[in-house]
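Have a look at the structure below before the remarks.
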Amino acid sequence: QARLEFARVEQELRERLDGSEQEIKRVGQVVESKENALADLRHEGEKTNLTHANQVAKLQEELSGMKVRLAQRDSEVERRDDRLRELAQSHAEDRKALEALRIHAGHAEDTLRGAAADAERRAQ
8 QARLEFARVE QELRERLDGS EQEIKRVGQV VESKENALAD LRHEGEKTNL
58 THANQVAKLQ EELSGMKVRL AQRDSEVERR DDRLRELAQS HAEDRKALEA
108 LRIHAGHAED TLRGAAADAE RRAQ
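This note's numbering runs 7 ahead of the 1-based position in the sequence shown.
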């Protein structure tokens with residue numbers, strides 16, 4: 008049961024992580040594209056008029072917002088990675104505890120069998 012739950016949570020986190028990574032790549036491409044556009048507009052602004060300078064300022068503002076969102080996504084992915092590592096460690100600890108319980112149950116079962124055999128011999 009714990010393995011199934013862990014596998015489900017792990018799969019869900021991996022899917023979210025994959026989605027976040029794709030979003031980060033997409034935003035990174037957009038940022039790169041905007042940076043290229045911004046560089047082009049700067050050049051045009053230097054040789055044309057104030058209108059271009061206003062467009063540059065607007066793109067800089069957009070770029071700043073995108074960089075903030077990209078940093079937030081990076082942070083979110085790191086938190087998810089940390090959570091996935093925590094879950095994996097917890098799962099490994101649970102498996103060790105389960106194995107210890109199985110061993111203990113086996114010893115208890117052996118003890119009960121021995122006690123039952125002793126009781127049966129005394130009864131005869």
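Positions of the beta carbon are idealized from the N, C-alpha and C atoms, including for glycine. All values reported here derive from a predicted model rather than from experimental measurement.
According to DSSP, is T55 helix, strand or coil?
coil
If you reduce the DSSP assignment to three classes, tell me which class Q79 lands in.
helix
Of the residues V38, R21, R129, A46, the one placed nearest R87, counting alpha carbons only
R21
What is the DSSP secondary structure of Q67, counted as helix, strand or coil?
helix
Nearest-angstrom Cβ-Cβ length linking E28 and V84, presumed shorter than 8 Å
7 Å
For Q36, which three-state DSSP category applies?
helix
DSSP three-state label for Q131, please.
coil
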